[in-house]
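Participant:
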């Protein structure tokens with residue numbers, strides 16, 4: 001009888017141990033807190049947090065280029081960061097934790113694809129309507145009145161012909177120039193207007209924007225063609241592509257659309 005009990009006890013113990021080992025092998029979870037930052041102005045650093053369930057055997061980082069529909073595996077690491085040179089491309093990143101043969105994808109898949117804001121009317125400084133244009137923290141654009149000092153922190157550019165009226169040649173200008181603009185006759189109040197820069201006209205809307213320097217980005221650019229493409233560098237270090245589709249001196253308005261890069265310091269703009 002004692003012998004039978006001992007054999008039974010050993011069997012139960014072995015089964016329990018096997019069950020625990022199998023449960024331990026199956027335990028796993030997804031990475032969290034996946035974020036992007038600029039490693040350089042054209043390369044991307046992906047970081048994440050380890051799964052709360054434990055440390056995986058490795059992480060696999062994948063990339064889906066903008067305009068495509070499938071991911072390409074970039075590589076695998078055992079740390080919680082990876083740096084990628086996308087060769088001028090933008091796209092979406094996925095991080096997967098591998099526990100043995102089991103895979104767990106992170107719930108968030110951040111992207112470097114710029115945020116697009118569709119065409120909207122921006123008025124010349126002296127015309128009726130909003131002459132200011134700026135990007136919100138989510139990258140979307142809106143127009144603002146230049147007659148309100150409280151809008152200074154929100155405006156990233158304005159449209160002007162540098163004179164009273166609105167029938168001259170139009171330029172896109174940094175907001176800090178508005179107070180001394182020749183067309184500012186009691187229009188723009190004193191305020192902490194932002195200091196931004198603009199490139200000369202660009203030809204390729206999907207190429208990386210020029211790197212920021214004082215010899216490349218200026219406080220205004222004359223709109224010499226319609227449409228007109230210019231790169232913008234904001235005072236807080238973000239890049240955007242601005243397209244003035246056209247302007248009409250009769251109505252005093254310009255039609256503007258833009259693409260804003262949400263990763264600070266990254267000048268990739270493919271869309």
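In UniProt numbering, the protein residues as written are 1 to 271.
All C-beta atoms in this analysis are idealised placements derived from N, C-alpha and C, irrespective of residue type, glycine included.
(1) To the nearest angstrom, report how far apart residue 187 and residue 147 are at their CA atoms.
(2) Under 6 angstroms Cβ to Cβ from residue 129, same chain only, skipping five residues before and after it: list those, please.
(3) Within 10 angstroms of the Cβ of residue 165, are there 16 or more other Cβ atoms? Answer buried if so, exposed if not.
(4) With burial defined as no fewer than 16 other Cβ atoms inside 10 Å of the residue's Cβ, what is the status of residue 205: buried or exposed?
(5) Under 8 angstroms between the Cβ atoms of residue 83 and residue 43?
(6) Mapping DSSP to helix, strand and coil, what is residue 103?
(7) Using a 10 Å radius around the Cβ and a threshold of 16 neighbouring Cβ atoms, would you call residue 70 buried or exposed?
(8) Taking Cβ positions, are residue 191 and residue 141 nearer each other than 8 angstroms?
(9) Please name the residue, chosen from 200, 249 and 27, that lies closest to residue 241 on a Cα-to-Cα basis.
(10) Give the DSSP bridge partners of residue 72, in chain order.
Facilitator: So, from the listed chains and residues:
(1) By one-based count along the chain shown, residue 187 stands at place 187. By one-based count along the chain shown, residue 147 stands at place 147. Taking the straight line from one Cα to the other gives about 5 angstroms.
(2) Counting from one through the chain shown, the residue named residue 129 turns up at place 129. So the qualifying residues of the chain are 123.
(3) As a first step, residue 165 must be located in the chain shown, where it is residue number 165. With a threshold of 16 other beta carbon atoms within 10 Å, residue 165 falls short and is exposed.
(4) Taking the chain shown and counting its residues from 1, the one referred to as residue 205 is at position 205. Classification for residue 205: exposed.
(5) Along the chain shown, read from residue 1 onward, the residue named residue 83 stands at position 83. Along the chain shown, read from residue 1 onward, the residue named residue 43 stands at position 43. Contact flag set, yes.
(6) Taking the first residue of the chain shown as 1, we reach residue 103 at position 103. If DSSP states are grouped into helix, strand and coil, residue 103 belongs with the strands.
(7) In the chain shown, counting from the first residue as 1, residue 70 sits at position 70. It is exposed - the Cβ of residue 70 has fewer than 16 other Cβ atoms within 10 Å.
(8) Along the chain shown, read from residue 1 onward, the residue named residue 191 stands at position 191. Along the chain shown, read from residue 1 onward, the residue named residue 141 stands at position 141. The beta carbons of residue 191 and residue 141 sit no closer together than 8 angstroms.
(9) Locating residue 241 in the chain shown gives position 241, where the first residue counts as 1. Nearest in C-alpha terms to residue 241, of all of 200, 249 and 27, is 200.
(10) Against the chain shown, residue 72 aligns to sequence position 72. Answer is 63.
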